[in-house]
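Residue numbers (this note's numbering): 6 to 220.
Beta carbons: idealized from backbone N, C-alpha and C, even for Gly.
Have a look at the structure below, then the notes.
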């Protein structure tokens, strides 16, 4: 059971961690394609560029990050100012692409004498944080049951993601079939146009030759 749990946790990891650089008054946005009713957790940390050391510092006092999360329908799910590091949460109401944008409070950035920041961002899809201490304190579940419940939650999220991908694949297939049908009809229409033009040209040349008494 422990080996199975370890393998499933390894296979069903649904997180993405990376970093990027931004400058003064610059906004960086990433796009996440998320199923509906999915819990998203994002954790970020800001590192400030030190001109003297020519390196990034681990802390950026006084800096803040504006985090804005919207859908392609311009629905705002989150708009909040955080500190140099923080964690944000949101739940997707509808399937599709969600835009996560981060922007520094540039008025504070100018006072540091530099204009480069490194943002470390970790996004987890469909995963709630485990709090085993609270679960044990309430004496509701033991450690193994608690981990299994968390594993079941991850599996359900995987199934939801697979269903969403199937729906997208079906939509893409229908779009491809419609496109193929349109291309076929357009080719058929072109053939009819070419035949009509050929018949018209032949009739026009015949009348021309008859008028000139060449035939």
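- Following the DSSP letters along the chain, one finds residue 125 inside the beta strand (DSSP E) bounded by residues 121-130.
- The Cβ atoms of residue 99 and residue 41 lie closer than 8 Å to each other.
- In this structure, the straight-line span from the alpha carbon of residue 123 to that of residue 47 is close to 16 Å.
- A direct Cα-Cα distance of roughly 15 Å separates residue 89 from residue 106.
- Per the coordinates, the alpha-carbon of residue 70 lies some 11 Å from the alpha-carbon of residue 93.
- Excluding sequence positions up to five before and after residue 27, its CB lies within less than 7 Å of the CB of 33, 109, 122 and 124, all in the same chain and listed in chain order.
- Boundaries of the alpha helix (DSSP H) harbouring residue 164: 148-216, taken from the DSSP string.
- Between the alpha carbons of residue 44 and residue 197 lies a distance of about 55 Å.
- Sorting 38, 203, 218 and 150 by C-alpha distance to the C-alpha of residue 169 places 38 at the top.
- Between residue 23 and residue 126, the C-beta spacing is below 8 Å.
- Secondary structure at residue 88: coil, using DSSP grouped into helix, strand and coil.
- The DSSP-derived three-state label of residue 79 is coil.
- Around the beta carbon of residue 203, fewer than 16 other beta carbons lie within 10 angstroms, which makes this residue exposed.
- Take the alpha-carbon of residue 74 and the one of residue 36: they are about 10 Å apart.
- In terms of Cβ geometry, residue 72 and residue 83 form a close pair [threshold 8 Å].
- Secondary structure at residue 69: coil, using DSSP grouped into helix, strand and coil.
- DSSP lists 102 as the bridge partner or partners of residue 38.
- Here the alpha carbon of residue 171 sits roughly 21 Å from the alpha carbon of residue 76.
- Counting every other CB atom within 10 Å of its CB across the protein chains shown gives residue 128 a total of 16 or more, marking it as buried.
- Within the model, the alpha-carbon separation for residue 217 versus residue 191 is close to 39 Å.
- Residue 43 is not bridged by DSSP to any residue.
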